[in-house]
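Quick notes on the structure that follows.
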Amino acid sequence: MNLADSTETTYYRPHNLDELDGLIERTDSKLTYLAGATDLMVRQSEWNETDKIVDLTAVVELNETIINIKDGIQIGASVVMGDLIHHPAILEKIPILVETLQQIGSVQIQNRATLGGNISNASPAGDSLPVLNVLNAEVWIGPRINGEFAKNSIDKIMAGPGTTFLKNNQYIAFIYIPFPKNEDLFYSFKKVGQREALAISKLSLAVLGWIDDGVIKEIRISPGAVTPIVSRAFKTENFLNGKKLNEETIEIARDILEGEISPISDIRSNIEYRKGICGNLLREILYSIIS
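Numbering (my numbering), first residue to last: 695 to 985.
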């Protein structure tokens, strides 16, 4: 069934969470959710899997909510990235997120794309995923049960490339990001693509941590476009935590990271390239801290 000429597709446009959750409760069919629609035509062939499309762009809570709560920020899953880039609290408290979103596509894409869509697509090359990982972001999942959202971390939602563990017409409602403590904080997001801008990542790396008197108190590392599921590099993190950051430590950390990851090989890059570049990106980031 081609979306463009289909006469069978049912289209819903709920205006608030109550309408959305009510729709889910009343239907036994599979629902496909639409937010920024930046991948709509790319994934057109998949639309024959459903006859019910739910447009989330009118659900007011998902599109307008950016709330400071409990030393963090609650972001509606359908708030466009362009709004996040210019939000004062995010600019002040989570600059690594702003720097990352500025590297995703063009301004036109940023004004359509959403964090909820990036997570739901579960692409290993989704640029926001490594950064959300190192920020310890929490995903709030609807429909609500007894008025409460289910909550989980980014990596626990991913099932594989393009697939998640969301089921029974569940949807991503909010992303909660705790504010990192500013004292002794360092952070970096780097990506490598076919060209310098407007490119799908061959590889990316997000690093966030805290250092005091040259000693790493805590570090979080998450490669992107490397493994089927975007996750943390815990072996490398455990090695670096509590270590004095010097040349020897950095070189060992690079080797550990290259050995820890199991890259995918696809049309954009092969396994050895991704291993080497990932290690070199970490090396570059760590040297920038001590320089």
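Using N, Cα and C, we set each Cβ at its ideal position, and we do this for glycine too.
The shortest C-alpha to C-alpha distance from Glu758 to any of Ala853, Phe868, Ile790 and Val886 is the one to Phe868. At least 9 Å separates the beta-carbon of Ser822 from that of Val833. C-alpha of Val748 to C-alpha of Ile984: approximately 50 Å in a straight line.
Leaving aside the five residues that flank Lys746 on each side, the residues in its chain whose CB is nearer than 6 Å to its CB run, in chain order, Thr704, Ser723 and Leu725. Around the beta carbon of Tyr727, a 10 Å sphere encloses 16 or more other beta carbons of the protein chains shown; the residue is thus reported as buried.
With the rule of 3 Cβ pairs closer than 8 Å, the region 810-824 counts as touching the region 921-939.
An exposed status is given to Val801, since fewer than 16 other beta-carbon atoms sit within 10 Å of its beta-carbon.
Per DSSP, the unbroken beta strand (DSSP E) holding Thr726 starts and ends at Thr726 to Leu728. Contact between Gly836 and Phe843 holds: their C-beta atoms lie close to 6 Å from each other, under 8 Å.
Taking C-beta atoms as the reference points, Leu902 and Arg948 fail to come closer than 9 Å. Between Gly908 and Lys884, the C-beta gap is not smaller than 9 Å, which leaves the two residues out of contact. In the DSSP annotation of this structure, Lys969 is not part of any beta strand (DSSP E); the continuous alpha helix (DSSP H) holding it starts and ends at Ile965 to Ile984.
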